[in-house]
Structures are given as structure tokens and as C-alpha cells.
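In UniProt numbering, the protein residues as written are 1 to 195.
Even glycine gets a Cβ: it sits at the ideal position worked out from N, Cα and C.
Just so you know, these numbers come straight off a predicted model, no measurement behind them.
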Amino acid sequence: MQLRVGLSGADESQPTHEWVDNGSLLMRGSIYISAIKTRLGVVNTRLRSSRGRPGAPVHCDLGCGRIESLGHILQSCPKLAPEKTYGHDQVLNLLVKQLEQKGKKVFREPNIWTAAGVRKPDVVVFDIQQSVVLDVQIVADNAGGDALIHEHGLKKSYYDVGEIRSWADLRLLIVRTMEGSVSALRSHRDIGGWG
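(1) Mind checking who Ile112 pairs with in its DSSP beta bridge?
(2) Where does Thr45 land, buried or exposed, given buried means 16+ other C-beta within 10 angstroms?
(3) Counting only runs of 4+ residues fully inside the region 24-70, write out the alpha helix (DSSP H) ranges in chain order.
(4) Since Val96 is in the alpha helix (DSSP H), which residue starts that stretch and which ends it?
(5) Starting from residue 205, follow its DSSP beta bridges and name the residues at the other end.
(6) Suppose you measure from the CA of Lys155 to the CA of Arg53; what does that come to, to the nearest Å?
(7) Per DSSP, what kind of secondary structure is Val20 in: helix, strand or coil?
(8) Could you check the C-alpha separation between Gln90 and Glu83 for me, to the nearest Å?
(9) Ordered along the chain, which non-local residues of its own chain (more than five positions away) have a Cβ less than 6 angstroms from that of His188?
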């Protein structure tokens, strides 16, 4: 099995690249140019600017004490944690919106009690036959190795516990029961009930 580093698996997701061809239709010119620079890894950072200049400052100018690279700025600078959380929430909001448009029942950020403490997944999605726990991850591409698969495994083991499965199954049963009740009430109304 070949280990993947950074975004090396992105070639398997064609939509990841479609914006390059028509991105100027989706965003202003200056934003499009900045996005292309980010994609190419040519954004000016202290580390990039220090090439060929021994002694030039390379540490993050936000004061976190780490080397300022593009990966650091986008993924791991603690001073930019609010922006990273905002990005996570934007992805989550888009996901929830698309799931709801497809008619899925979505329960956001439920508190689920387990023997190990409270678990709070981003979303639990209920379908006709099953429930699925979804937790959005924005993984640093400099985490090394097959970071996406590793992080997914950690997240899966965190949420794949009996109490969460039982909680989701119970909610699925409640949702199905309520849908059945609503259907019966609509049928009653349609047949001529309620006068």
C-alpha cells in the first residue's frame, strides 16, 4: 500500500479541481488569483521569503513561535484557530444544507452520554433504514503519512461505541414513529376527519 502525503489523494476527486477551469465565474478576480497561488504553494510566507537569505526571520509573525510556512498558516497556527473553526463550520453548514435538501433528517451536535464521557458529533443523519454519525474533519496536510485515513480511523473509533449506536437507533425509531403518526394524521384528514 502506497502512503500518501499531503494532498496526494486529491487526484481521485475530480470536483476538487473543476474550480480551476471556471473559478473566475465563481469568485472575484483577486480571490481567484489568490486561490491559484495557494493551490500552487507560492503564497509569500516568511519561510518562502527566507530562501537564499541566511538569518532572515522565519518564525510566524503572529507570535506563536513556529516556522511560518503555508501549511502552518492554513492548518496549524494556534493564533488562527478561530478562522479554522469558521472554515469547519462553513463545511458543516454546507453539508447539513445539502442533506436537508435531499430530505434527510439531521440532528446537529447532539450530546450523547457514554461511559467515556459526553460525545458531541457534528451531525447525526437519519435515513429510512439507518442512522449515520458524521463529524467534519479538516486535516492538516503536513501531518505526514496517510493522514486522512489515520485521522478517519481515530474519529471512527471515538464515535463507534455502543452508547452512540444505541442512541442513534433509538432516535431513528422515534423519527420513524413520528413520521408514521404524521402519515396517519394526514390520511385521517384526507379521508374526511376533523369535520
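So, to answer that:
(1) The residue given as residue 112 occupies position 112 in the sequence shown. Note: Ile112 sits in a beta bridge opposite Arg119.
(2) If you number the sequence shown from 1, residue 45 lands on position 45. Answer is buried; the Cβ neighbour count reaches 16.
(3) List check, alpha helix (DSSP H) in window: 29-40 and 46-49.
(4) On the sequence shown, residue 96 is found 96 positions in, with the first residue counted as 1. Val96: member of the alpha helix (DSSP H) spanning Ala81 to Gln101, first to last residue.
(5) Given a span of 1 to 195 for the chain in the structure shown, any question on residue 205 remains unanswerable.
(6) Taking the first residue of the sequence shown as 1, we reach residue 155 at position 155. Taking the first residue of the sequence shown as 1, we reach residue 53 at position 53. Near 42 angstroms, if we compare the C-alpha coordinates of Arg53 and Lys155.
(7) For the purposes of this step, residue 20 is taken as the residue at position 20 of the sequence shown. The answer is helix: DSSP assigns Val20 an H, G or I state.
(8) As a working mapping, residue 90 is identified with position 90 in the sequence shown. As a working mapping, residue 83 is identified with position 83 in the sequence shown. Near 10 angstroms, if we compare the C-alpha coordinates of Glu83 and Gln90.
(9) Here residue 188 refers to the residue found at position 188 of the sequence shown. In this prediction, His188 scores a pLDDT of 48, lower than 50, which makes its location untrustworthy; the coordinate-derived value is nonetheless stated afterwards. Non-local beta-carbon contacts of His188 in its own chain, meaning distances under 6 angstroms to residues more than five positions away in sequence, are absent.
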